[in-house]
Amino acid sequence: MKRFLSFLVIATLLTSSSALAVTKRPTVKALKLLTTIELVDDFSGLITSGKTIIIYGNKGDKSFARALDTSGKELWNIALDEASPSIASAAAVDTSGRIWIAGSTSLQRPTPTASPTISALNPDKIIDVPEIFTADLNAFSLWSIDPTNQGLTQYSMQLDSPILINAIAVDKEGITAVGSAGSVINSDLAGKITKPVFIGTQATNLEAVIRHSDGSLTVTGSSTETLGGKKLAGKTDGVIIKLSKANKIVSVVRSSAPKALRSWNSATPTLLLSGEVSTGTKIESAVTKFSNSYLPIWTYRFPSTGISFVAGSTYAFIQSTGVITQLANWAPKTPQPLLLSFDTKGVITSAYSAPISQKQLLGLYASKDLGLLCITSSADAISIFTLN
621 MKRFLSFLVI ATLLTSSSAL AVTKRPTVKA LKLLTTIELV DDFSGLITSG
671 KTIIIYGNKG DKSFARALDT SGKELWNIAL DEASPSIASA AAVDTSGRIW
721 IAGSTSLQRP TPTASPTISA LNPDKIIDVP EIFTADLNAF SLWSIDPTNQ
771 GLTQYSMQLD SPILINAIAV DKEGITAVGS AGSVINSDLA GKITKPVFIG
821 TQATNLEAVI RHSDGSLTVT GSSTETLGGK KLAGKTDGVI IKLSKANKIV
871 SVVRSSAPKA LRSWNSATPT LLLSGEVSTG TKIESAVTKF SNSYLPIWTY
921 RFPSTGISFV AGSTYAFIQS TGVITQLANW APKTPQPLLL SFDTKGVITS
971 AYSAPISQKQ LLGLYASKDL GLLCITSSAD AISIFTLN
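Going left to right, the sequence shown walks through residues 621 to 1008 as our numbering numbers them.
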């Protein structure tokens, strides 16, 4: 009897091991095309308010916001700053559906040239053209748009020098924008902007920001200088910085790969991060889930063009350039958009691809009403894909 029981236990273990060994790898499926938009060379990004899609960007030296329905039909189009040159470079939507766009503008205005009291001789009737100022975009601006009536309000603050805003985050307590020169700028929802804080110098670029419920911030990006006592390890390090409610550095976590160019350019409130890893001619997208103490829980490096985005605690969007062994049927011959889904342990549970005609990733956005939106561009159009 004992022999029989022992045999039964061993057989069960072997069967379980065999079942685990032959766990089926996910098969890559096709993303579903939601809509296309004519190519916008100066497209900056996309967000949604309800079922309305808002794209924002810049045409010449003027910034704009356009609303579309899911068929691509334009609902409205707003010039953000008609009086001055401006750049719109980041956006978010608050819990009421109000749209917030951040960027740079100039608070300077051209002044009329005084008329001379005595007319000079002008036999050729040459018309004097007033000297037009060359305005530096050295003011930070927030534009607030009410999606119900397209009411536009602009809030601005003069800066000592121009900066480029890369990302903003908004919650019920306020707004935080981050950008070049390690800039961190906060505002309340009434548009009261506080004096910028700079984490480092021009050698630090902040590309993503997370607002936490206790008022602290997580900012991520890249740096080639010492921050919080942590020195440069590679050519450029990816950095994760915790800031207190008073915008003081609490901790700095930086990549440690020697001779590498690294950055963390996308981050979610669940601390799922993605960024570029470049060593010599090898380029990869790193996707890592961190704990609340910024310790890696799981991580991947995928061959790619380096561009990547993350959403929620589940999704990463990369421009894949090589085989991924965790997938059953993935060996792209040319760079191709690939959406990956992970479980809590970091196991890849599903994957979706866009056509090879989509040459560039433009974003990944989780919409409450429209679902996950994967934004790409081809030679002649911007495409928005969803899950099947």
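Ideal placement from N, C-alpha and C gives every residue a C-beta, glycine not left out.
Remember, predicted model here, so these are calculated numbers, not experimental data.
Straight across, the Cα-Cα distance linking A685 with G858 is about 31 Å. Distance check between Y676 and each of S691, L959, W763 and G802 places W763 closest, using alpha-carbon atoms only. Pairwise C-beta distances place the stretch 784–802 in contact with the stretch 709–717, as three or more of them are shorter than 8 Å. Counting the other Cβ atoms within 10 Å of the Cβ of D780 gives fewer than 16, which makes it exposed. Fully enclosed beta strand (DSSP E) runs of no fewer than 3 residues occupy 824–831 of the stretch 805–842, in order along the chain. Pairing I860 with Y914 gives a Cβ-Cβ distance under 8 Å.
Beyond the five residues adjoining it in sequence on each side, A877 comes within less than 6 Å, by CB distance, of G854 in the same chain, given in chain order.
R874 and K850 have their alpha carbons spaced roughly 8 Å apart. Distance check between A999 and each of P975, V907 and Q778 places P975 closest, using alpha-carbon atoms only.
DSSP links I765 through a beta bridge to I719 and L772.
Straight across, the Cα-Cα distance linking P957 with V817 is about 36 Å.
For E658, the enclosing beta strand (DSSP E) stretches over residues K652 to E658.
Cβ-Cβ separation between V839 and S886: approximately 13 Å, too far for a contact (criterion under 8 Å). For I788, DSSP records a beta bridge to A797. DSSP lists L993 as the bridge partner or partners of Y985.
When secondary structure is reduced to three states using DSSP, G966 falls in the coil class, being assigned neither helix nor strand. For V859, the pairing in a beta bridge is given by DSSP as G841 and R874. About 18 Å separates the Cβ atoms of L666 and Y972, ruling out a contact at the 8 Å cut-off. G665 carries a strand assignment under DSSP once its states are collapsed to helix, strand and coil. Around the CB of G942, fewer than 16 other CB atoms lie within 10 Å, so the residue is classed as exposed. Judged by DSSP secondary structure, G848 falls outside any beta strand (DSSP E); it is assigned neither H nor E. In the three-state DSSP reduction, G900 falls in the coil class, being neither helix nor strand. Here S987 has T668 and L993 as same chain residues with Cβ atoms under 7 Å from its own Cβ, once five neighbours each way along the sequence are excluded. Pairing A823 with A866, the inter-Cα distance amounts to about 23 Å. Secondary structure at G670: coil, using DSSP grouped into helix, strand and coil. Straight across, the Cα-Cα distance linking K679 with G802 is about 27 Å. Excluding the 5 residues flanking it on each side, A722 has same chain C-beta neighbours closer than 6 Å at A710, L762, I785, I788 and A797, in chain order.
Straight across, the Cα-Cα distance linking S664 with Q980 is about 13 Å. Here S905 is near S924, since their CB atoms are less than 8 Å apart. Here P916 is not near F922, since their CB atoms are 8 Å or more apart.
With 16 or more other CB atoms across the displayed protein chains lying within 10 angstroms of its CB, L893 is buried. With a 10 Å radius around the Cβ and a threshold of 16 neighbouring Cβ atoms, N806 comes out buried. As the crow flies, the alpha-carbon of G670 is around 6 Å from that of D989.
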